[in-house]
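Residue 17 is where the sequence shown starts when you use our numbering, and the numbers rise one by one after that.
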Amino acid sequence: MSAKPKRVFVKTYGCQMNVYDSERMTDALEAAGYAPVASADAADLVLLNTCHIREKAAEKVYSEVGRLRRLKEQAAADGRQMLIGVAGCVAQAEGEEIVRRASAVDLVIGPQSYQRLPDAVARAASGERVIETDFAIADKFAALDRPHGTRPKRSSAFLTVQEGCDKFCSFCVVPYTRGAEVSRPVDAIVAEAQRLAAEGVREVTLLGQNVNAWHGVGPDGREWSLGHLLVRLSEIPGLDRLRYTTSHPRDMDDALIAAHRDLDTLMPYLHLPVQAGSDRVLAAMNRRHTRADYLRLIDKIKAARPDIAMAGDFIVGFPGETDADFADTLSIVDDVGYASAFSFKYSPRPGTPAAERSQVPEAVKSERLAALQARLNAAQADFNASRVGMVAEVLFEKDGRHPGQIVGRSPWLSPVQVSAPAALIGSIARVTITDVGANSLYGVLADADPVDGKIAAEATA
Ligand code: 5AD
Ligand code: SF4
17 MSAKPKRVFV KTYGCQMNVY DSERMTDALE AAGYAPVASA DAADLVLLNT
67 CHIREKAAEK VYSEVGRLRR LKEQAAADGR QMLIGVAGCV AQAEGEEIVR
117 RASAVDLVIG PQSYQRLPDA VARAASGERV IETDFAIADK FAALDRPHGT
167 RPKRSSAFLT VQEGCDKFCS FCVVPYTRGA EVSRPVDAIV AEAQRLAAEG
217 VREVTLLGQN VNAWHGVGPD GREWSLGHLL VRLSEIPGLD RLRYTTSHPR
267 DMDDALIAAH RDLDTLMPYL HLPVQAGSDR VLAAMNRRHT RADYLRLIDK
317 IKAARPDIAM AGDFIVGFPG ETDADFADTL SIVDDVGYAS AFSFKYSPRP
367 GTPAAERSQV PEAVKSERLA ALQARLNAAQ ADFNASRVGM VAEVLFEKDG
417 RHPGQIVGRS PWLSPVQVSA PAALIGSIAR VTITDVGANS LYGVLADADP
467 VDGKIAAEAT A
């Protein structure tokens with residue numbers, strides 16, 4: 017009789033890199049005899065993969081641990097051990113403080129220590145309180161670089177190419193929680209991309225906190241930047257779509273812009289946060305570019321790839337932001353014409369320079385956020401309306417909102433809902449965009465025989 021596998025439930029907060037890391041942790045634990053489950057209820061190990069980027073993230077973790085503690089006590093009463101682990105950026109930022117405040121936590125492990133996870137879990141299971149928050153990132157990439165676990169088939173996947181950040185924007189905790197910028201080697205990235213393609217993945221999104229700072233030595237012995245890497249990845253058969261996120265304006269070099277011009281596989285979408293529209297605030301944020309630099313850069317990118325959809329991030333209520341500064345943020349939205357954007361109230365992060373400065377009142381932040389979001393929503397509505405009547409290639413990912421519908425992504429990353437057979441999930445088909453909703457586009461199949469739209473399009477051209 018074989019031993020019953022232990023069950024692990026991983027709960028993920030925050031960014032796409034955490035989603036990716038959770039998958040890697042699950043893979044590593046599967047190899048160590050754990051089976052992934054979808055709820056904490058009967059799990060033997062619950063791992064919270066946490067986020068520290070904004071407000072109350074740590075508080076959320078403590079209240080979640082409070083809830084889990086009851087499950088843990090119940091398990092103990094049933095004669096069963098349940099372990100609670102905290103991973104991710106709150107683990108890195110708070111370290112031992114977590115077990116001081118939440119005694120139910122058995123294991124604290126930061127993002128640069130995941131290669132030690134199976135061992136750390138084994139030690140926790142034997143009663144040790146484990147805190148792993150060292151930085152040894154090269155090991156992490158190497159140790160987690162193994163075949164994927166038993167995940168359901170998917171058409172789109174993330175691939176981390178770079179981690180950490182050296183930019184030190186004055187509001188941001190990332191350089192402290194994820195550490196200094198480290199790039200993964202070319203061969204490891206290519207091998208993982210090939211493996212994903214062999215699994216049937218059609219679209220890969222390269223991830224990094226500052227992804228366009230990625231650099232590495234190519235097989236030609238030269239120093240490559242992200243643009244060169246994208247050229248190499250576009251040669252992998254089966255990978256029809258490439259994306260990358262998130263970028264810093266300072267690291268958009270000519271090779272990357274040329275990749276947008278030259279590669280059909282590189283989707284016409286760019287997430288390029290500006291954070292604020294006023295030069296005074298940009299300087300106080302230590303962004304190291306001006307408003308004019310940013311707009312000039314976008315002109316250059318649009319010259320290379322005219323149909324590119326721009327996305328951004330914004331922070332309102334940064335310390336010292338005046339009404340006039342904020343007006344500059346609103347006006348840059350009009351100048352760029354964003355297809356989508358994320359916007360946040362400034363949240364002081366302990367240990368970052370801006371947290372020490374005099375703060376904008378909460379009510380002002382709220383008012384500015386509402387005004388900015390109205391402007392961004394209008395920009396998004398304009399962008400979506402401009403798609404109506406276009407034929408777009410859509411990579412179908414899953415069942416849609418209503419029965420009989422499936423949903424996929426346009427090249428510009430917008431979800432597209434289409435009435436079409438579920439058999440098309442996993443393929444790319446040409447879709448005529450007919451309508452726009454709040455967050456999605458709607459369309460109809462453009463070809464009588466849409467499988468696979470790309471081939472059909474070529475055959476009829
Ligand atoms: N307060 C508010 N927003 C922040 N971001 C990062 N740090 C903070 C903070 N302290 C936002 C930025 C970044 C996105 C991931 O989160 O806009 O681009
Ligand atoms: Fe944070 Fe991005 Fe600035 Fe790096 S570039 S410090 S990740 S906001």
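The C-beta atom is built at its ideal place from N, Cα and C for all residues, glycine as well.
{"query": "Sub-9 angstroms separation of G180 and N226 beta-carbons", "result": "yes"}
{"query": "Where R85 falls: helix, strand or coil (DSSP)", "result": "helix"}
{"query": "Coarse secondary structure for G469, derived from DSSP in three states", "result": "Summary for G469: the model assigns pLDDT 46, below 50, so the residue's position carries little reliability; its value from the coordinates is reported in the next sentence. Looking at G469 - three-state DSSP - the assignment turns out to be helix."}
{"query": "P265, enclosing alpha helix (DSSP H) - first and last residue", "result": "No alpha helix (DSSP H) holds P265; DSSP gives it neither H nor E."}
{"query": "Contact test: F151 Cβ vs the ligand SF4 heavy atom, cutoff 8 angstroms", "result": "no"}
{"query": "Sequence-ordered residues whose beta carbon comes within less than 6 angstroms of a heavy atom of the ligand SF4", "result": "C181, K183, F184, C185, C188, V190, P191, Q225, N226, H264"}
{"query": "Classification of E110 by the beta-carbon crowding that lies within 10 angstroms, buried from 16 upward", "result": "buried"}
{"query": "Span of the beta strand (DSSP E) around G328", "result": "325-332"}
{"query": "Of the listed residues A118, S119, V24, R116, nearest to L133 (C-alpha basis)", "result": "V24"}
{"query": "F174 - containing beta strand (DSSP E), residue span", "result": "172-176"}
{"query": "CA nearest to the CA of G254, picked from D236, V220, G424", "result": "V220"}
{"query": "Three CB pairs or more closer than 8 angstroms across the region 417-424 and the region 309-324", "result": "no"}
{"query": "Alpha-carbon to alpha-carbon, S382 and S356", "result": "20 angstroms"}
{"query": "Cβ-Cβ distance between A103 and V124 below 9 angstroms", "result": "yes"}
{"query": "N-terminal and C-terminal residue of the alpha helix (DSSP H) that G104 is part of", "result": "104-110"}
{"query": "7 angstroms Cβ shell around D323 - same chain, five flanking residues per side excluded", "result": "P284"}
{"query": "Buried or exposed (CB count within 10 angstroms, at least 16 for buried), M17", "result": "Residue placement at M17 cannot be trusted, given a pLDDT of 43 that sits under 50; what the coordinates show is reported in the next sentence. Counting Cβ neighbours within 10 Å, M17 comes out exposed, since fewer than 16 surround it."}
{"query": "Proximal residues to G243 (C-beta, below 8 angstroms), its chain only, five neighbours per side dropped", "result": "D269, D270, A271, L272, I273, A274, A275"}
{"query": "Per-residue burial, A229 [other beta carbons within 10 Å of its own, 16 or more giving buried]", "result": "buried"}
{"query": "Sequence-distant residues of its chain with Cβ nearer than 6 angstroms to A477 (five each side left out)", "result": "Bear in mind that the predicted position of A477 carries a pLDDT of just 34, short of 50, making it unreliable; the figure below should be weighed with that in mind. Once the five neighbours on either side are set aside, A477 has no close Cβ partner at all."}
{"query": "Where L385 sits in the DSSP three-state scheme", "result": "helix"}
{"query": "D415, enclosing beta strand (DSSP E) - first and last residue", "result": "407-415"}
{"query": "Segment contact flag, the region 78-96 with the region 366-375, C-beta cutoff 8 angstroms, min 3 pairs", "result": "no"}
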